Amino acid sequence: DTAVSQTPKYLVTQMGNDKSIKCEQNLGHDTMYWYKQDSKKFLKIMFSYNNKELIINETVPNRFSPKSPDKAHLNLHINSLELGDSAVYFCASSHIQGGETQYFGPGTRLLVL
Amino acid sequence: SQKIEQNSEALNIQEGKTATLTCNYTNYSPAYLQWYRQDPGRGPVFLLLIRENEKEKRKERLKVTFDTTLKQSLFHITASQPADSATYLCALAGNTGGFKTIFGAGTRLFVKA
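The listed protein sequences derive, respectively, from chains A and B. Each residue of the first sequence is one higher than the one before, starting from 5 at the first, in this note's numbering. Each residue of the second sequence is one higher than the one before, starting from 66 at the first, in this note's numbering.
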């Protein structure tokens, strides 16, 4: 059973397009996260939701909009994609906010052409 | 600003030896420190957590030390195996910013048979 799943795994698109990435966790966790891992491999937090409530919102362009329909799902919508958005996006979850162990999804590799 | 530094160069060791990875941080007072393993094309996987009031933690062939005075953690893999080859990420979380987790860029470990 996959604990944290993301779709799609690969996403290749043109600049200016709008795309969404979906994440689901079946661990019963309260908190979910979106991270971006760039070409230098730094894993940087973008957003954190606890029980569908936005907790952490890092300095991310407002073209990025997370949505949590329920505590098992956290989606990421990106408007007007730019070249610099190319990266691997990871979803993660933890038992509670500030939870120590985070469980990561397999990542979505986004390439903007 | 908060900064985490890990060995930027890859670490190459012979099978059976002990691998030691370093994580240094500045401008931060973490409540706990974690180590994750990341294989190519996959999401990070949690390995160990050590709290600010702990000096050492062990799990099977893994050992982590945490020196809050030196602001440093050492991660040891004893009797290393080729299967231990991966990137190892250090991560800190503190009481500020809603326990936002900050990741280092990771150290790539290669264990040769």
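All C-beta atoms in this analysis are idealised placements derived from N, C-alpha and C, irrespective of residue type, glycine included. From a predicted model like this one, the values you see are computed outputs, not experimental measurements.
With 16 other Cβ atoms within 10 Å as the buried cut-off, status of S145 (chain B): As a first step, residue 145 (chain B) is located in the second sequence; it is residue number 80 there, counting from the start. Classification of S145 (chain B): buried, given that the 10 Å Cβ count is 16 or more.
Test: K75 (chain A) CB closer than 7 Å to a CB of chain B: Residue mapping note: residue 75 (chain A) aligns to position 71 of the first sequence, counting from 1. By this cut-off, K75 (chain A) is not an interface position.
Any chain B beta carbon closer than 7 Å to F68 (chain A): Position 64 of the first sequence, counted from the first residue, corresponds to residue 68 (chain A). Judged by the 7 Å Cβ criterion, F68 (chain A) is not in contact with chain B.
First and last residue of the uninterrupted beta strand (DSSP E) at N61 (chain A): The sequence position of residue 61 (chain A) within the first sequence is 57, counting from 1. Its beta strand (DSSP E) spans residues 57-61.
Boundaries (first-last residue) of the beta strand (DSSP E) holding D132 (chain B): Here residue 132 (chain B) refers to the residue found at position 67 of the second sequence. D132 (chain B) -> beta strand (DSSP E) spans 127-132.
DSSP state of L15 (chain A) mapped onto helix, strand, coil: Within the first sequence, residue 15 (chain A) is the residue found at index 11, counting from 1. L15 (chain A) falls in the strand class under three-state DSSP.
Spatial neighbours of H33 (chain A) in its chain, beta-carbon cut-off 7 Å, leaving aside the 5 residues before and after: On the first sequence, position 29 is the one that residue 33 (chain A) refers to. S97, S98, H99.
Residue from A:F68, A:L85, A:P110, A:K48 with nearest C-alpha to N79 (chain A): One-based indexing of the first sequence puts residue 79 (chain A) at position 75. Ranking the options by Cα distance to N79 (chain A), first place goes to A:F68.
Closest Cα partner of E86 (chain A) within the set A:S9, A:P65, A:P73, A:K75: Counting from one through the first sequence, the residue named residue 86 (chain A) turns up at place 82. Per the Cα distances, A:P65.
The stretch 107-116 of chain A touching the stretch 73-88 of chain B, judged by at least three CB pairs closer than 8 Å: no
CA nearest to the CA of T87 (chain B), picked from B:V176, B:D132, B:F111: Looking up residue 87 (chain B) in the second sequence gives position 22. The shortest Cα separation from T87 (chain B) among B:V176, B:D132, B:F111 belongs to B:D132.
Beta-carbon spacing of Q79 (chain B), K177 (chain B) below 7 Å: The count along the second sequence starts at 1 and reaches residue 79 (chain B) at position 14. The count along the second sequence starts at 1 and reaches residue 177 (chain B) at position 112. Going by C-beta atoms, Q79 (chain B) is nearer than 7 Å to K177 (chain B).
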